[in-house]
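Asker: Chains as they are written, first to last, in my numbering: chain A, 1 to 320; chain B, 1001 to 1322; chain C, 2001 to 2309.
First, the structure itself, so that you have it in front of you.
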């Protein structure tokens, strides 16, 4: 998928291929600008305008949904596929009560009456553990705290029992305690309802807590894909090592966090070869060609051979 | 909410008090000239000047003079003209006020309807050809003097074309709504359209900008993710939020219109409202009438703004607490 | 760019007004010319012709000749050349608009900076004054000031301005618009005052005067400049409205507003008397507004981006 901008065409997401199984939680992780949100927005038709072009295939429940007319996508959005966004402060329309907004979504996709939808909104708020839901349902977003607003967003997303929930940085704007509560809530709801979750985050800590499988993205391209165990314990891509190093760990021996040198590159100037090469400590001649995703279940895009990867990773483990 | 209303009204009263002091200073305390002679008019006899001096207590301290002015204006309401001897000012104003209100209210309805429709259409078609057209109309509208546009409208509807396509336009004048609502509207339609033409373009332009900003907001993305239709997103979410600044702009303009363009438009269309009253008083320097018109006009505007602010609070739940 | 060209063209044409009146049209646009005559296609005709229609009372001024040598736009009801008056009127309208905008922006910048920089009592007093003037409908305030000052002139100690002077409308118009510029300048100064470089200057013991002129002024000036073309347009429109109400420019001097007022009674017989000055006002104001948009884009690149969305 690409954007046309004044500075030329930007490939915001390039060569991403992934799948989400029923009841599974897939984490997409990467720095800001790595294309993780954009990829999810594009499959739902949330990116629009003459400057956006999307190529590829998206299958949902065995049906191709990419490029379907908006009318058909609308029937999916909010009903079968729901989204939660990063900043709960701005993601709700400020001039309507929380209950009104939840009821609006319910009435869009079902035949419930106003009264029934309102009652359902109260039940949903109760389900996401908002105290005193029958009073809260008539309050405006600005009367909610950040964590409560995110709970309300989750309640709204769950209102039509979606089979896939896309959570875009659902905890980033919240403080640490609230973060943990929201993640717990998501996990609990998933267990109860059996829906699939795609969790977009830049925080390896969040991934390590909830994800079944992990997609690591850099500069719009997948860098590594595997189960949580594989990506966290046996990471193969230097970028993943960097991300893991940037997470504080209680059992760590080192005093300070390892950071990845340099800044995330702008999608405007992705080099022709490996996108990560300019910041990579282990780059060599082959990195001027673009690496393919290699592997069977645990995939990665790095030219280092397996033995060397193993060795480098061990060195880093040793150092920490 | 009640607390907000009370606070807003108290601040309106303070502003009205300050305005009354300012008007008092302008009319009674500008240095260098005897205010009595000014108020009595150009060719007043010494006897009348003495009468004015007594009525407004011009030999007494300033606060008493202010109180006397307010007394004549609002409590006894016996302020009278010295040019047309004996004619009371306040009844003239209260008689003229419905005309001005009819003019402004009707024009406001028309320009809000046209402006909001135009803004929504422009925002929905942003980037297409209609967009720059509306932008330019917005600029042109702030550049046209209302009274001049009125004259052009008169020239077209009452001049050469009066015997063909504009035969239905009545000659300038006013018919009270109590007498005949149909004639009332018919006589006002051209003045309404003239005023509305000036404001509709600006409103369309401002609303378009607000809508385009709103459509980039996170809550619109949420609404899309909810599966709502584009029309519903535009009207129920983006427009509903964009109307909030429009309403406060409307409050300011409604006031500015009462004390501005409407006065001039009345003159051109021969509508016997406060504007025409002021205009004729200016021609013969009938200061008591002008003072009355200014004071009542300004007070009305301040109160209208307070009402709009309260309406604003109903529209935007975030304001009520603050 | 077109806007700037149009403005320069208008400016040049009003500058040559005396030359035009004296050397081309051979007319004095400030004295009434009730018995004047002019020559049209070889025949001498009176400038004011007796009415032939109706009761035959009064006179009808000569219509447009469309000939630059005499009565291009016809005459007004005192037999004066409307086109010559239009040029002179443009001088006054533009002069009043520009000078009052300079005074207004200057005073507003100073007051706004003082209020925003010193805060406290100064800010409270100035802000309350801004609030009151802001709440007072512009035209009503201008009418009150004009009608009082027109009868007596302005006497402030040694300053004496006569009742017919152009400076009366200039001062009045400048005064009523001060809050419109001063309020944003005050807000800007308040936020500037919190910034590091000003705090550093205060910390290093620089005098208030020095900080205001060397640090605050250069940062507030761009927004004042952005306001300027719009204020010229605003003030010119206000002047023409006051002149139309006969409390702006005083006869026999002209401005575009007074000419429209002169044309009010001639609307159906000699429409060009009222039409021409209005068209001039609209062209000038549109050009100034477009220029203002251009200036804003030049000083505020973000605004341009926003406009492009």
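C-beta: ideal position from N, C-alpha, C; glycine also.
Given the structure is predicted, the values throughout are model-derived calculations rather than measurements.
#1: Please report the residue range of the alpha helix (DSSP H) in which residue 1190 of chain B lies.
#2: Below 8 Å on the Cβ atoms is my guess for residue 297 of chain A versus residue 223 of chain A; work out the distance and round it to an integer in Å.
#3: Below 7 Å on C-beta distance, what does residue 92 of chain A contact in chain B?
#4: Using 8 Å as the cut-off, can you tell me whether the region 1152-1170 of chain B makes contact with the region 1235-1245 of chain B, which would need three or more C-beta pairs spanning the two stretches below that distance?
#5: Over the uninterrupted beta strand (DSSP E) stretch that includes residue 167 of chain A, give me the two end residues.
#6: Could you give the residue range of the beta strand (DSSP E) that holds residue 81 of chain A?
#7: Within 8 Å (strictly less), CB to CB, does residue 2106 of chain C reach chain B?
#8: Please report how far the alpha carbon of residue 1133 of chain B lies from the alpha carbon of residue 2122 of chain C, in whole angstroms.
#9: For residue 2151 of chain C, which residues in chain B fall below 9 Å Cβ to Cβ?
#10: Tell me which residue opens and which closes the beta strand (DSSP E) that residue 217 of chain A is part of.
#11: May I have the straight-line CA-CA distance separating residue 2077 of chain C from residue 2083 of chain C, to the nearest angstrom?
#12: For residue 1039 of chain B, count the other beta carbons within 10 Å of its own beta carbon; 16 or more makes it buried, fewer makes it exposed. Which is it?
#13: Could you check where the alpha helix (DSSP H) with residue 2314 of chain C kicks off and where it finishes?
#14: For a contact defined as C-beta to C-beta under 9 Å, what are the partners of residue 1155 of chain B on chain C?
#15: Identify whether residue 1308 of chain B lies in helix, strand or coil by the three-state DSSP scheme.
#16: Which same chain residues, not among the five before or five after residue 2249 of chain C, have their C-beta less than 6 Å away from its C-beta?
#17: Would you call the region 225-234 of chain A in contact with the region 49-61 of chain A, where contact means no fewer than 3 C-beta pairs closer than 8 Å?
#18: Would you list the residues sitting across from residue 2385 of chain C in a DSSP beta bridge?
#19: Could you spell out the range, first to last residue, of the alpha helix (DSSP H) harbouring residue 201 of chain A?
#20: What is the residue span of the alpha helix (DSSP H) that residue 1055 of chain B lies within?
#21: Taking residue 2276 of chain C as part of the beta strand (DSSP E), name the residues at either end of that continuous run.
#22: Of the residues C:2217, C:2089 and C:2221, which one's Cα is nearest the Cα of residue 2011 of chain C?
#23: Distance cutoff 8 Å, beta carbons only. Does residue 1316 of chain B sit that close to anything in chain A?
#24: How many Å lie between residue 2013 of chain C and residue 2163 of chain C at the Cα?
#25: Applying a beta-carbon distance threshold of less than 7 Å, which residues of chain B neighbour residue 78 of chain A?
#26: Please return the same chain residues whose Cβ sits closer than 6 Å to the Cβ of residue 221 of chain A, not counting the five positions on each side in sequence.
#27: Compare the C-beta of residue 142 of chain A with all C-beta atoms of chain B and state if any pair is closer than 8 Å.
#28: Using the three-state DSSP reduction, which class does residue 181 of chain A fall into: helix, strand or coil?
#29: Using a beta-carbon distance below 8 Å, is residue 1248 of chain B in contact with chain C?
#30: In the DSSP output, what is residue 63 of chain A paired with across the bridge?
#31: Any beta carbon of chain B sitting closer than 8 Å to that of residue 11 of chain A?
#32: For my contact list, residue 160 of chain A and residue 118 of chain A are in at a C-beta cut-off of 8 Å; report their separation, rounded to the angstrom.
#33: The region 2217-2242 of chain C: which residues have C-beta closer than 8 Å to a C-beta of chain B, in chain order?
#34: From residue 1296 of chain B to residue 2285 of chain C, what distance separates their C-alpha atoms?
#35: Give a yes or no on whether the C-beta atoms belonging to residue 2061 of chain C and residue 2036 of chain C are separated by under 8 Å.
#36: List, in order along the chain, the chain C residues whose C-beta lies closer than 8 Å to that of residue 1147 of chain B?
Answerer: Well, looking at it:
#1: Counted from its first residue, the second chain places residue 1190 of chain B at position 190. In the DSSP assignment, residue 1190 of chain B falls within the unbroken alpha helix (DSSP H) covering 1181-1215.
#2: The residue you call residue 297 of chain A lines up with position 297 of the first chain. The residue you call residue 223 of chain A lines up with position 223 of the first chain. Cβ-Cβ separation between residue 297 of chain A and residue 223 of chain A: approximately 16 Å, too far for a contact (criterion under 8 Å).
#3: On the first chain, position 92 is the one that residue 92 of chain A refers to. Those within 7 Å of residue 92 of chain A in chain B are 1219 and 1222.
#4: They do not touch, by the three-pair rule.
#5: Locating residue 167 of chain A in the first chain gives position 167, where the first residue counts as 1. 164-168 is the extent of the beta strand (DSSP E) around residue 167 of chain A.
#6: Stepping through the first chain from its first residue, residue 81 of chain A is reached at position 81. Counting along the chain, the beta strand (DSSP E) containing residue 81 of chain A begins and ends at 81-84.
#7: Numbered from its first residue, the third chain carries residue 2106 of chain C at position 106. With 8 Å as the cut-off, residue 2106 of chain C does not count as an interface residue toward chain B.
#8: Here the question's residue 1133 of chain B lines up with position 133 in the second chain. Here the question's residue 2122 of chain C lines up with position 122 in the third chain. Whole-angstrom Cα-Cα distance: 46 Å.
#9: By one-based count along the third chain, residue 2151 of chain C stands at place 151. Listed along the chain, the chain B residues whose CB falls inside 9 Å of the CB of residue 2151 of chain C are 1033, 1037, 1038, 1042, 1285 and 1287.
#10: The count along the first chain starts at 1 and reaches residue 217 of chain A at position 217. Under the DSSP assignment, residue 217 of chain A falls in the beta strand (DSSP E) whose first and last residues are 213-218.
#11: Within the third chain, residue 2077 of chain C is the residue found at index 77, counting from 1. Within the third chain, residue 2083 of chain C is the residue found at index 83, counting from 1. C-alpha separation (whole angstroms): 14 Å.
#12: As a first step, residue 1039 of chain B must be located in the second chain, where it is residue number 39. By the neighbour-count rule (16 or more Cβ atoms within 10 Å), residue 1039 of chain B is buried.
#13: Outside the displayed range of chain C (2001 to 2309) lies residue 2314 of chain C, so it cannot be described from this structure.
#14: For the purposes of this step, residue 1155 of chain B is identified with residue 155 of the second chain, where counting begins at 1. Under a criterion of Cβ atoms nearer than 9 Å, the residues of chain C adjacent to residue 1155 of chain B are, in order, 2267, 2268, 2271, 2274 and 2275.
#15: Position 308 of the second chain holds residue 1308 of chain B. Correct three-state label for residue 1308 of chain B: helix.
#16: Here residue 2249 of chain C refers to the residue found at position 249 of the third chain. Around residue 2249 of chain C: 2092, 2243, 2255 and 2258.
#17: Short answer: they don't touch.
#18: This structure gives no information on residue 2385 of chain C, because the portion of chain C shown stretches from 2001 to 2309.
#19: In the first chain, counting from the first residue as 1, residue 201 of chain A sits at position 201. Residue 201 of chain A -> not in any alpha helix (DSSP H); beta strand (DSSP E) instead, spanning 196-201.
#20: Mapped onto the second chain, residue 1055 of chain B falls at position 55. Looking at the DSSP string, the run of the alpha helix (DSSP H) that includes residue 1055 of chain B is 1046-1055.
#21: Taking the third chain and counting its residues from 1, one reaches residue 2276 of chain C at position 276. Premise fails: residue 2276 of chain C lies in the alpha helix (DSSP H), 2272-2299, not in any beta strand (DSSP E).
#22: Taking the first residue of the third chain as position 1, residue 2011 of chain C is located at position 11. Taking only the C-alpha atoms, the option nearest residue 2011 of chain C is C:2089.
#23: Along the second chain, one-based indexing puts residue 1316 of chain B at 316. Judged by the 8 Å Cβ criterion, residue 1316 of chain B is in contact with chain A.
#24: For this step, residue 2013 of chain C is matched to residue 13 along the third chain. For this step, residue 2163 of chain C is matched to residue 163 along the third chain. Roughly 28 Å between the two C-alpha positions.
#25: In the first chain, the residue the question calls residue 78 of chain A occupies position 78. Under the 7 Å cutoff, chain B gives 1225, 1226 and 1227.
#26: Within the first chain, residue 221 of chain A is the residue found at index 221, counting from 1. Within its own chain, the residues whose Cβ lies closer than 6 Å to the Cβ of residue 221 of chain A, once the five positions on either side in sequence are excluded, are 14, 15 and 275, listed in chain order.
#27: Position 142 of the first chain, counted from the start, is the residue given in the question as residue 142 of chain A. Interface flag for residue 142 of chain A against chain B is set, since a Cβ pair is found closer than 8 Å.
#28: Counting from 1 along the first chain, the entry for residue 181 of chain A is found at position 181. If DSSP states are grouped into helix, strand and coil, residue 181 of chain A belongs with the helices.
#29: In the second chain, the residue the question calls residue 1248 of chain B occupies position 248. Residue 1248 of chain B has a beta carbon lying at 8 Å or more from every beta carbon in chain C.
#30: Numbered from 1 along the first chain, position 63 holds the residue referred to as residue 63 of chain A. Bridge pairing for residue 63 of chain A: A:60 [DSSP].
#31: The sequence position of residue 11 of chain A within the first chain is 11, counting from 1. Against chain B, the CB of residue 11 of chain A has no partner CB under 8 Å away; the residue lies outside that interface.
#32: As a first step, residue 160 of chain A is located in the first chain; it is residue number 160 there, counting from the start. As a first step, residue 118 of chain A is located in the first chain; it is residue number 118 there, counting from the start. With a beta-carbon spacing of about 15 Å, residue 160 of chain A and residue 118 of chain A fall beyond the 8 Å limit used to define contacts.
#33: Those residues of the region 2217-2242 of chain C that come within reach of chain B (Cβ to Cβ, closer than 8 Å) are 2233, 2237, 2240 and 2241.
#34: Taking the first residue of the second chain as position 1, residue 1296 of chain B is located at position 296. Taking the first residue of the third chain as position 1, residue 2285 of chain C is located at position 285. Taking C-alpha positions only, residue 1296 of chain B is separated from residue 2285 of chain C by approximately 31 Å.
#35: Mapped onto the third chain, residue 2061 of chain C falls at position 61. Mapped onto the third chain, residue 2036 of chain C falls at position 36. Not a contact, by the Cβ cut-off of 8 Å.
#36: If you number the second chain from 1, residue 1147 of chain B lands on position 147. Those within 8 Å of residue 1147 of chain B in chain C are 2241, 2244 and 2260.
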